[in-house]
Amino acid sequence: MSARYEFGVLGPLEVRRDGQPVHIGAAKVRLLLAALLTEANQVVTVESLVHRLWGEQPPGRARNTLQNYVLRLRRALDCPPDGAPVRTRPHGYVVEAASDTLDLHRFTALVRQGRTALAEDAAARAAPLLREALGLWRGDPLCDLPAHLLQDVVPALDEQRLDALELRIEADLALGRAAAVLPELRGLIAEHPLRERFWAQRMLALFRCGRQGEALECYRTVTGLLAEELGVAPGPELKRLHRRLLAAAPDLDGARKDGTAPPSRDGGLPVEMTTFVGREAQVADVRALLGTVRLVTLTGTGGVGKTRLALRVAADAAPAFADGVRLADLAPLNDADLLDRAVSEALGLRDQSARPAVEAVVSHLRDRRMLLVLDNFEHLVEDVAALVLRLARAAPGLRVLATSRHRLGTPGEHVITVPSLTLPGTDDHAAEHTDGRAPEHAGHSEQADGADRPPAGDPLCRSEAVRLFMDRACGSAPAFRLTARNRDAVAQPCRRLDGIPLAIELAAVRLSAVTVEEMLERLDDRFRLLSVPQARTSSRHRQTLRGVVDWSHDLCTEGERLLWSRLSVFCGGFDLEAAESVCAGGAIAREDVLDLLAGLVDKSIVLVNSSGDRARYSLLETIRQYGRQRLDEEGGTTRLRTRHSEHYRVTAVRAGSEWCGPREVDWLVRLRTELPNLRAALDYCASRPDLTGAGIEIAVNLARTRCWFFSSTLGEGRHWLERLRADGPVVAPPAPALVAGALAMKAWIALCQGDNPAAETFLAECRARAAELPEGTSSAPVTYIEGAHAMLVRGDPSCVALLARSRERFRAAGQVGDAHMATMLWAMAEAFFGSSASAHAACGTYVAEAEASGAEWARTWAQWCTGLVELRHGEAGEALAPLRAALARQRRIGDSWGPVWGLETLAWTVAATGRSTRAAWLLGVAHRLRQDTGVALTGLRPFHEAHLDTERRVRTALGAEAYATARARGASTADGLRLALEDGPSGT
1160 MSARYEFGVL GPLEVRRDGQ PVHIGAAKVR LLLAALLTEA NQVVTVESLV HRLWGEQPPG
1220 RARNTLQNYV LRLRRALDCP PDGAPVRTRP HGYVVEAASD TLDLHRFTAL VRQGRTALAE
1280 DAAARAAPLL REALGLWRGD PLCDLPAHLL QDVVPALDEQ RLDALELRIE ADLALGRAAA
1340 VLPELRGLIA EHPLRERFWA QRMLALFRCG RQGEALECYR TVTGLLAEEL GVAPGPELKR
1400 LHRRLLAAAP DLDGARKDGT APPSRDGGLP VEMTTFVGRE AQVADVRALL GTVRLVTLTG
1460 TGGVGKTRLA LRVAADAAPA FADGVRLADL APLNDADLLD RAVSEALGLR DQSARPAVEA
1520 VVSHLRDRRM LLVLDNFEHL VEDVAALVLR LARAAPGLRV LATSRHRLGT PGEHVITVPS
1580 LTLPGTDDHA AEHTDGRAPE HAGHSEQADG ADRPPAGDPL CRSEAVRLFM DRACGSAPAF
1640 RLTARNRDAV AQPCRRLDGI PLAIELAAVR LSAVTVEEML ERLDDRFRLL SVPQARTSSR
1700 HRQTLRGVVD WSHDLCTEGE RLLWSRLSVF CGGFDLEAAE SVCAGGAIAR EDVLDLLAGL
1760 VDKSIVLVNS SGDRARYSLL ETIRQYGRQR LDEEGGTTRL RTRHSEHYRV TAVRAGSEWC
1820 GPREVDWLVR LRTELPNLRA ALDYCASRPD LTGAGIEIAV NLARTRCWFF SSTLGEGRHW
1880 LERLRADGPV VAPPAPALVA GALAMKAWIA LCQGDNPAAE TFLAECRARA AELPEGTSSA
1940 PVTYIEGAHA MLVRGDPSCV ALLARSRERF RAAGQVGDAH MATMLWAMAE AFFGSSASAH
2000 AACGTYVAEA EASGAEWART WAQWCTGLVE LRHGEAGEAL APLRAALARQ RRIGDSWGPV
2060 WGLETLAWTV AATGRSTRAA WLLGVAHRLR QDTGVALTGL RPFHEAHLDT ERRVRTALGA
2120 EAYATARARG ASTADGLRLA LEDGPSGT
């Protein structure tokens, strides 16, 4: 059996072999190992190693000496020549290190998960991840090696640690721990006085502790420090925070009085990336209406700012709604059948049951006081109207704020037409200053920090349109100033563009390349026809917006225009890989996509978010629709949508083949991010008889990866599998094995939902398809479902043999992930129906496979299975540790499916140890989680029988009244999972 090596570089160099320390005395050999470890699993060339060991003055026979050091390293590690972990490659050497054997790899993975959790507004999940990551540091990196030979390595590692510290402090601040982080921030600032992020976090922490004056003094101190040391002003983040501190912005007070995490009342509303200009009257009107009426709809032409106004109102109104604000962006939704699920997802529901999604939404909202923002649903007006009416009748505390170019027409709707921004008056010009000069300070633009803002008395700057123009102009052309010479030129485009915010923003961004006078000349050419008064204002607005987007289109290069139209096929965003795959071809070479995309970003056509591991790009809906019209005119829509569907088919297939591996959680998070595009691909495939097979392949692989489980959209997975049934007219019938796989997955989802009648129907279809398949690997999915059905529905011990057979068939077909799922169910079946010996043997096999896979989610289920086997065939007390460990890891990665079963099994185990009150409380917690997810134990026989047995045991031990009290306390606990992982509430 090969030895297990563990390495540490986050501190003094550390090596362990099978858990025992390995001493490497020679400094050069240690330096060689450090050089290989900092690039673990990658070949480090001989030249690089020579430079690392000797710098600019290597010895005469450096290569031979290096070979000698490699030999000495292998001897110290007691590994065979050219054997793991140090291997020779044609141009150098490589150290092989699994993801869990090198502290740097573990640190990077944990930080990535923490960053993702923060991006998803899950600070409670992010904080422990980041603490665990920082806990891996044992001191300064590689501090026992010559610093001058690691000048490029150590600073990079230190920067990663500081970045993780910033993220962890951000998570702590979001959780209301402002007072706790202040001493730490004082020390960090003393150590890193020029790191602005630490200053910003200290300012925010002071403010949340009620020390606003000290927070403002911090800004004065860092401003002086930066000026003295570097001759620069604070960056945009510090400036924005300073301005908000001066205004005591309500959203800065993120901490609660009890020190716990603040309620997520904004529902993950997108952060404003630019200043919000004007609209004070509309914001006040809409807020006042929401206090008295149930439904407010903001209507208006495209680009007039309906969404921006709604989001600002929602953010301001959030404190008035005890259960928060939720945003449902319906622009990417094409399938009206998924409307209820889209709203359910926006509400954060985790319903996995077979009941209609609308019932889950109604049940969730019935007793809540909440503001629901429904954005961009012009294409779904009738369906949205019906849904809103149903929700309003069922949930008296619900308020709905909608944005659409069309009113809903439901009873009780109050419609507000969003006007254009106020325009400059015809007499607001420099001539009113009798000395012929601009007013004092009028030569400055409206900067975000307010330092260069024109005076409030300047007539021109009373116009919202002018203020917006100046704000955006200074963002794209920092040197731009309002002067006596250009004041009229600034006012004219605002008037010509009718005060439409999107049009003004697109025009202002051009000032990075032309003067305002030159821009006005081109605007005159573009809008000469539009300057004629129109009979209907809305029609004029549409023409004006179309004209300014046409103008932006004309200013793009030919390649950029073509890419713009092609990008319109994406829904909800995309990454560079997707853009290259879908949009390259013909006049656009794959290697040119990045440059063209950067050009569109520079022109504000494409938006970019670089906060995650992968940059995400998106288009405003108006811009996307314009691109789609152009694509339609070019006759390229069908081809591009087909390529889009093919890209996401390939993505789903890759995920399906790699999901049970080290990148399992990364894949699950990526698929959750890409759900809008995956839905668009599925919808398109469902509409094309020749693409039915591709659609089935996407749906099957998403089910195989357990994407629908992880994302709490199990019912949607079943929806697509049912919609893509291949029994209708198809041009190219899918392979029988693929259809059988789809039926199997559909039956599997129905089983997990506890929908036994549907599962029986789907299983019968599986059997019929199986008759068409050759005996062997292609029938593995059918055998798997036969075994799952026998275990979960019939409670039949024959399930053990069926699941073992499906496992072998999946393995023979090379379907690692599917084989792993079959192994899990086989081990579970042995736990419920097998002997002690067979159950422990099956569990051991499953645990070994899970550990070898490196898949985090799989490992959590292996721990759960270990606990289940120990409970049923060993000592109940020994089952507690693996069950709690599984729950903790599932909570850490954001799994919403595993804890449903983990908490229930933990309740059985605690009951078996004699802690009856605690067990009753856990049964209540588990019940609440099942209600949240829609899981029904009644359709899952072995689980239901174990549940009833535990319930009877605990009720008998406590008495009916005490049992009911403890269980009710658990069912009313808001964060039962967290408490279950601790010591539970007092008295349990």
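Straight run, no breaks: the sequence shown in the numbering used here ends on number 2147. Positions of the beta carbon are idealized from the N, C-alpha and C atoms, including for glycine. If you're wondering where the values come from, they're calculated on a predicted model, not measured in any experiment.
Under the criterion of beta carbons closer than 8 angstroms, residue 1908 and residue 1884 do not qualify as touching, at roughly 14 angstroms.
Residue range 1262 to 1278 is occupied by the alpha helix (DSSP H) that includes residue 1265. Minimum Cα-Cα distance from residue 1663 among the listed residues 1637, 1629, 1642 corresponds to 1629. Partner residues in the beta bridge of residue 1574, as assigned by DSSP, are 1456. In terms of Cα proximity to residue 1308, the closest of 1725, 1217, 1245 is 1217.
Taking the CA atoms as reference points, residue 1541 sits about 11 angstroms from residue 1498.
Counted as a single uninterrupted DSSP element, the stretch harbouring residue 1965 is not any beta strand (DSSP E) but the alpha helix (DSSP H) occupying residues 1958 to 1971. With a threshold of 16 other beta carbon atoms within 10 Å, residue 1452 falls short and is exposed. Contact between the region 2021 to 2032 and the region 1995 to 2010 is present: three or more C-beta pairs spanning the two stretches fall below 8 angstroms.
In this structure, the CA atom of residue 2128 is about 6 angstroms from the CA atom of residue 2080.
With contacts defined by Cβ atoms closer than 8 angstroms, residue 1972 and residue 1939 form a contacting pair. With contacts defined by Cβ atoms closer than 8 angstroms, residue 1867 and residue 1976 do not form a contacting pair.
For residue 2068 against residue 2026, the beta-carbon gap comes to about 7 angstroms, under 8 angstroms, which counts as contact.
With distances taken between CA atoms, residue 1525 lies nearest to 1553 out of 1519, 1237, 1553. Taking a contact as a CB-CB distance under 8 angstroms, the pair residue 1486 and residue 1474 does not count as one, their CB atoms being some 10 angstroms apart. DSSP lists 1175 as the beta-bridge partner residues of residue 1165. Around the beta-carbon of residue 1676, fewer than 16 other beta-carbon atoms lie within 10 Å, marking it exposed.
The three-state secondary structure of residue 1251, taken from DSSP, is strand. Taking residue 1492 as the centre and dropping the five residues before and after it, the same chain places the C-beta of 1501 closer than 6 angstroms to its C-beta, in chain order. Per DSSP, residue 1755 lies in no beta strand (DSSP E) segment; the continuous alpha helix (DSSP H) that holds it begins and ends at 1752 to 1761. Counted as a single uninterrupted DSSP element, the beta strand (DSSP E) harbouring residue 1562 occupies residues 1557 to 1562.
In its chain, beyond the 5 residues on either side, 1218 have a beta carbon closer than 7 angstroms to the beta carbon of residue 1224. Inclusion of residue 1873 and residue 1911 in the CB contact set at 8 angstroms is warranted, their separation being smaller than that value. Annotation: the continuous alpha helix (DSSP H) that includes residue 1635 extends over 1623 to 1635. Counting only the Cα atoms, residue 1292 lies some 24 angstroms from residue 1189. In the three-state DSSP reduction, residue 1777 falls in the strand class (E or B). The three-state reading of DSSP puts residue 1366 in helix, counting H, G and I together.
In the DSSP assignment, residue 1493 is bridged to no other residue. With a 10 Å radius around the Cβ and a threshold of 16 neighbouring Cβ atoms, residue 1302 comes out exposed. Residue 1639 carries a coil assignment under DSSP once its states are collapsed to helix, strand and coil. In this structure, residue 1250 sits near residue 1202, with a CB-CB distance shorter than 8 angstroms.
Contact annotation: residue 1448 and residue 1400 have beta-carbon atoms that are not nearer than 8 angstroms. Rounded to whole angstroms, the Cβ separation of residue 1580 and residue 1658 is 4 angstroms, and the two are in contact under 8 angstroms. By the neighbour-count definition (other C-beta atoms within 10 Å, threshold 16), residue 1781 is a buried residue.
Between residue 2050 and residue 1284, the alpha-carbon positions lie close to 7 angstroms from each other. CA-to-CA, the gap between residue 1382 and residue 1405 works out to about 15 angstroms.
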